[in-house]
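In this note's numbering, the protein residues as written are 1 to 67.
Backbone N, C-alpha and C fix where the C-beta goes; we use that ideal spot for every residue, glycine too.
Below you'll find the structure, written out as structure tokens, and then a few comments.
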Amino acid sequence: MTPLHPVLAIVGPEVANHSVEFCEATTSPREREALLNGAKLLAMTAVDYLTSEALRKQVVAEFKRSA
């Protein structure tokens with residue numbers, strides 16, 4: 001099972017994270033949509049996990065193998 005590590009492209013590499021420019025970029029419609037899509041991805045992953053006993057068993061087995 002591949003670990004989940006979502007990364008959203010909100011700004012280009014020329015803009016530092018947590019800067020004023022970064023903050024301003026997050027208020028545009030395009031970036032807002034990217035953030036909402038990322039939140040939906042995480043929420044649907046949680047729904048899959050909570051509603052699938054087989055997936056939960058697979059996750060537990062994977063954790064045990066990697067411990």
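- Gly38 is not a Cβ neighbour of Pro3, given a cutoff of 8 Å.
- Per DSSP, the continuous alpha helix (DSSP H) segment holding Ser66 begins and ends at Glu53 to Ser66.
- Take the alpha-carbon of Ser19 and the one of Val47: they are about 33 Å apart.
- Residue range Val20 to Ala25 is occupied by the alpha helix (DSSP H) that includes Val20.
- Annotation: Ser66 to Val59 spans about 11 Å, alpha carbon to alpha carbon.
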